[in-house]
Amino acid sequence: MSPRAGMINQRPVPGEPRPYEFPTTIRATLPNGLRVIVTPMAGRQLIAASLAIRSGAADEPAEIGGATVLAARGLTEGTEVRDAIALTEAFERLGASMHAEAGWDAISAGLDVPASRLEPALELLAEVVRRPSFPESEVERLRDERLNDLIQAKADPRRRADDAFVSSIYAPSSPYRRPAGGSPETVARLTSADLRTIHAAAYGPGTAALLVAGDVDPDAVIAMASRLFGDWTGGRAAVTGPDATSAVDARFVRVVDRPGAVQSEIRIGHPGLARRHPDYHAVSVMSMILGGLFNSRLMSNLREAKGYTYGAYAGFDLRRSAGPFSARAAVNTEVTVPSIGEFLIELERIREAPPTEAELQAARNYLVGVFPLRFETPGPVAGWLGGLFIHDLPDDEPLHYRSAIEAVTADDVLRVAREHVHPERCAIVLVGDHEKFGADLEAASIAPVDVVADEPEAPVGVA
Amino acid sequence: MPVPVVEFSDERLPNGLRLIVAEDHVAPVAAVHVWYNVGSKHEVPGKTGFAHLFEHVMFQGSANVGKSEHMALVQAAGGTLNGTTWLDRTNYFETMPSHHLELALWLEADRLGTLLDALSQENLDNQRDVVKNEKRWSYDNRPYGTWIHKLLGHAYPDWHPYHHPTIGSMEDLDAASLEDVRHFFETYYAPNNAVISVVGDCDHDQVRAWVDRYFGPIPANPDIPPLPDMSLPAVIGEEKRETVVDRVPLPRICFAFRAPAFGDPRLDALDLATQLLSGGKSSRLHRRLVRDERIAQDVMIGTLPAVGGASVILGYATVRPGVDPAVVESAYLEELAKLAAEAPSEDEMGRARALTEADELGALSRVEERAERLSMYATLFNDPGMVNTILARYLAVTAEQIREIAQAVFRADNRVVLTYLPTAIGAEALEGGTGDGVGPESTVDAADEAPVAADVADVAETDDEGEADA
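Each protein sequence line maps, in turn, to chains A and B.
Each residue of the first sequence is one higher than the one before, counting from 0 in numbering that gives the first Met the number 0.
Each residue of the second sequence is one higher than the one before, counting from 0 in numbering that gives the first Met the number 0.
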């Protein structure tokens with residue numbers, strides 16, 4: 000068939016780029032050390048406001064693992080002046096959606112609220128962050144919900160694979176070996192006293208920033224911050240560089256056997272690098288080429304050429320210390336072993352030669368070009384600035400990000416691939432039906448295989 | 000706090016393509032949302048899943064674009080993109096740095112004009128494998144993954160086009176042929192069956208010139224077959240119950256009720272009701288089942304709007320360990336009955352309205368959402384202006400209207416109750432006979448069942464490529 004008459008077969012050339020600048024940010028530091036970071040964005044009437052604290056699950060004592068995440072959830076379970084329901088209703092009357100969570104590196108409590116109601120919403124935010132009551136009974140409920148969630152995680156092949164992967168790649172000394180929300184053994188013992196301990200140690204102005212973005216007057220926001228947080232004291236727990244010792248000395252395969260599974264979840268990798276590593280920009284480009292872009296090497300191979308999967312990806316989880324590097328996919332059970340082979344080929348290939356000019360251009364252009372799209376609305380602006388604060392990165396990172404990406408060369412990509420991707424010493428974790436691919440796996444001689452039975456579902460009838 | 004009005008133009012090319020343009024120069028970004036008036040409701044028995052498989056084929060190249068090159072070109076321009084298929088429609092969208100907008104329009108036109116030039120058995124087979132893995136990943140290999148498909152299967156009768164899941168069945172996917180692709184394309188992928196919205200940093204006249212140039216040569220299809228009558232009685236007519244024994248960790252009770260069609264103001268009232276029922280810590284279902292009685296791990300309820308005859312409202316409660324699922328079912332249904340018996344308080348209404356308003360403000364601040372809404376309202380209701388009136392409709396809903404629709408919908412003879420039981424206790428429970436419902440009970444062991452999974456769970460639609468993550 001010949002192309003339809005009249006169709007234009009010439010690809011358009013781009014127009015003149017309209018300059019984009021990351022919105023200008025106003026910063027202040029209150030006498031108690033609280034950083035106030037305000038980003039006016041004209042016309043953005045839904046304001047994003049959040050308090051970010053530079054302390055996370057990585058900083059909690061191992062014996063109360065999960066307390067930081069549970070404490071963040073507990074913030075909205077009541078304060079010294081209101082119970083959870085009254086608090087929720089107060090937020091709702093303002094049209095404010097409140098969220099509070101914690102991860103490995105940080106605690107974040109924030110809200111989206113129409114500009115006209117920012118001040119009363121910030122008053123509530125201050126109340127929640129500064130004066131939570133962690134009622135015993137609500138903490139027990141949250142704890143039980145977390146335990147039940149861990150039961151659910153075991154039954155979900157994806158979460159099971161993620162958990163088995165991190166426990167395979169980190170040494171017992173590393174907190175990263177377990178979920179940030181804690182394991183059943185530690186979560187089961189958590190009490191509201193533990194949550195208070197975390198709150199007293201970690202929540203304070205010296206390690207916190209209030210981030211506000213949207214159509215606001217910075218002076219007014221700084222004045223609100225002074226009134227609501229100026230007399231805040233406490234906190235300032237020492238922030239650690241968490242132990243990220245690797246448990247991967249050589250390549251090995253770990254199978255979590257799930258008879259009857261119609262797909263195998265695959266995770267391949269090892270500890271990666273920290274967010275503050277100077278290779279950040281080159282690694283961002285490299286992981287786009289390997290397993291980030293739609294036409295990444297992994298996607299082109301495992302999906303578009305072979306049809307083994309709906310999606311194959313690779314990337315680095317960048318934390319205060321070396322978070323995991325993982326390549327991952329869910330594949331048709333029958334092609335489990337061939338898929339591992341293709342993954343290993345691609346992990347080797349990215350280390351063997353520099354990327355093509357076209358690959359390099361595509362990755363750099365994507366990261367640079369998508370930058371203004373990422374920051375169209377206040378939430379992501381406040382979120383990214385919060386991340387820079389958490390990792391103690393320079394304030395001017397938003398101004399330099401795009402030129403740093405542009406400057407990444409093919410040799411840089413090759414160098415960081417060789418430095419940070421290690422297929423010769425990686426964990427290969429599979430969650431799937433071992434009987435269906437076990438013989439092939441042995442025959443392929445990829446690495447020593449260890450098979451663990453998927454534990455039975457939690458007993459029902461036991462609370 | 001007024002939500003800004005979206006000013007837009009609305010015109011048709013001679014070939015019937017509807018073009019909607021809304022300029023907004025705040026950020027150097029522009030979104031394109033192409034909607035085709037074809038969804039899984041257009042599929043016939045034996046060809047389920049085809050609309051979605053076809054959507055994948057749309058990324059496999061056309062006369063001037065290679066396989067997967069659509070994605071490559073958009074991403075290398077710093078853009079994002081995706082395509083999704085759902086009951087009533089299929090859509091394709093790009094958000095671009097504004098100086099690359101023309102590229103997105105050209106790419107969309109090239110595949111609409113010349114898709115068949117690049118069609119090959121190899122690419123179809125490849126995407127069939129990809130889609131089968133999408134089905135396994137999204138539905139079959141996921142705890143409770145089949146729940147929405149099962150509920151829709153009960154809420155709509157066998158003959159109805161919403162009865163089967165958008166993802167389709169493995170057998171039907173296997174049977175899809177190149178001839179099916181050609182026929183589907185020639186039937187439904189015509190400019191007079193499409194709406195294209197462009198929102199953001201663009202110039203209307205320039206956009207119109209580009210669209211004329213790229214889409215203008217594509218001929219209309221004057222013979223798009225009409226859909227069969229999809230109208231349905233307002234209620235299902237009986238209670239339907241099913242118990243599934245599966246590899247799930249905790250029992251979960253899922254519910255569905257037939258509801259007014261999308262566009263009916265009574266569905267707006269029902270939407271607002273879902274906020275009162277499960278929209279946060281103080282919502283009724285959450286407060287009673289999760290917080291106060293502590294019999295459920297989580298609860299939800301939400302509408303699945305559909306224009307053909309009836310929508311559904313569906314939800315679930317996951318049963319805490321040690322709790323009798325029947326207790327959870329009763330408590331859930333009691334809360335629905337309370338809403339049907341007594342109008343919500345003005346305080347509850349006020350909070351729901353404030354949240355709805357703020358959500359709308361946030362959603363419409365993104366060019367992509369505005370483009371999607373314009374195309375959606377134009378495609379489904381021939382009224383893109385609903386982007387500016389829908390909020391007022393929500394805010395005008397009264398407490399008594401909520402009570403009325405709750406009473407009309409939350410009836411025993413209009414409900415589906417689907418219970419998932421863990422394998423460990425399922426057999427015993429079934430022998431003991433938990434089937435004490437008033438309606439017909441069917442019991443299916445998921446392990447023996449044909450893989451008719453598919454779930455619209457998290458997103459209520461079957462997504463194609465997700466955005467690349469680092």
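Even for Gly, the Cβ is constructed at its ideal location relative to N, Cα and C.
Asked: Opening and closing residue of the beta strand (DSSP E) in which TRP34(B) lies; Found: 28–35
Asked: Closest Cα partner of LEU266(B) within the set SER310(B), PHE254(B), VAL247(B) and ILE235(B); Found: SER310(B)
Asked: Assigned secondary structure, PHE228(A) (DSSP; H/G/I helix, E/B strand, else coil); Found: helix
Asked: CB contact below 9 angstroms: ILE339(A) versus chain B; Found: no
Asked: Chain B contact residues for LYS153(A), given Cβ-Cβ distances below 9 angstroms; Found: PRO248
Asked: Local conformation of ARG116(A) per DSSP, three classes; Found: helix
Asked: Chain A contacts made by the region 210–237 of chain B, where a contact means CB separation under 9 angstroms; Found: ARG212, TYR213, GLY215, PRO216, ILE217 and PRO218
Asked: Per-residue DSSP class, three states only, for LEU16(B); Found: coil
Asked: Where LEU121(A) falls, given that 16 or more other Cβ within 10 Å makes a residue buried; Found: buried
Asked: Neighbourhood of VAL318(B) by C-beta distance below 8 angstroms, restricted to the same chain and skipping five residues each side; Found: LEU249, PRO250, ARG251, ILE252, ILE294, ALA295, GLN296, PRO324 and VAL327
Asked: CA nearest to the CA of ASP245(B), picked from GLY45(B), ALA62(B), PRO3(B) and PRO421(B); Found: PRO421(B)
Asked: Chain B contacts made by the region 287–307 of chain A, where a contact means CB separation under 9 angstroms; Found: MET287, GLY290, GLY291, LEU292, PHE293, ASN294, SER295, MET298, SER299, ARG302, GLU303, ALA304, LYS305, GLY306 and TYR307
Asked: Unbroken alpha helix (DSSP H) run spanning THR186(B), endpoints; Found: 177–187
Asked: Cα-Cα separation, LEU110(A) to MET40(A); Found: 17 angstroms
Asked: Collapsed DSSP secondary structure at GLY240(A) in the structure displayed; Found: coil
Asked: Presumed contact (8 angstroms Cβ cut-off) between ALA352(A) and LEU297(A), rounded CB distance; Found: Actually they do not touch by this definition, with Cβ atoms about 17 angstroms apart.
Asked: C-beta neighbour in chain A for PRO160(B), strict 9 angstroms; Found: no
Asked: Given ALA212(A) as reference, the closest of PHE436(A), ALA426(A) and LEU384(A) once Cα atoms are compared; Found: LEU384(A)
Asked: Contiguous alpha helix (DSSP H) assignments of at least 4 residues, all confined to the region 270–307 of chain A; Found: 279–290
Asked: Per DSSP, the bridge partner or partners of ARG11(B); Found: ARG17(B)
Asked: Residues of its chain near VAL330(A), where Cβ-Cβ distance is below 7 angstroms and the 5 sequence neighbours each way are ignored; Found: GLN262, SER263, ILE265, TYR307, THR308 and SER338
Asked: Boundaries (first-last residue) of the alpha helix (DSSP H) holding HIS203(B); Found: 203–214
Asked: Beta strand (DSSP E) runs wholly inside the region 284–359 of chain B, at least 3 long, in chain order; Found: 295–303 and 310–318
Asked: ASN381(B), DSSP secondary structure in three states; Found: coil
Asked: Nearest residue (CA-CA) to ASN140(B), options GLU126(A), ARG158(A) and ILE150(A); Found: ARG158(A)
Asked: Interface residues of the region 36–63 of chain A facing chain B [CB-CB below 7 angstroms]; Found: GLY42, ARG43, GLN44 and LEU45
Asked: Completely contained alpha helix (DSSP H) runs for the region 348–378 of chain A, where each covers 4 or more residues; Found: 356–368 and 370–373
Asked: Any alpha helix (DSSP H) of 4 or more consecutive residues that is wholly inside the region 94–154 of chain A; Found: 117–129 and 135–154
Asked: Beta-carbon gap between LYS46(B) and ASP171(B) smaller than 9 angstroms; Found: yes
Asked: Coarse secondary structure for GLN132(B), derived from DSSP in three states; Found: One point to set straight first is that residue 132(B) is Asn, not Gln, in the sequence displayed. In this structure, ASN132(B) counts as helix in the three-state DSSP scheme.
Asked: For GLY382(A), the nearest candidate out of TYR279(A), ASN8(A), GLU59(A) and ALA51(A) (CA to CA); Found: ALA51(A)
Asked: CA nearest to the CA of PRO417(B), picked from GLY321(B), ILE195(B) and LYS239(B); Found: Just to set this straight, residue 417(B) is Leu in the shown sequence, not Pro. Nearest option by C-alpha distance: LYS239(B).
Asked: Cutoff 7 angstroms; reference ARG195(A); Cβ partners in own chain excluding five residues on either side; Found: PHE133
Asked: Backbone secondary structure at ASN220(B) - three-state DSSP; Found: coil
Asked: 8 angstroms Cβ cut-off: residues of chain A touching HIS148(B); Found: Near HIS148(B) there are no residues of chain A at all, since even the closest Cβ is about 16 angstroms away, more than 8 angstroms.
Asked: Endpoints, alpha helix (DSSP H) assigned at LYS149(B); Found: 146–154
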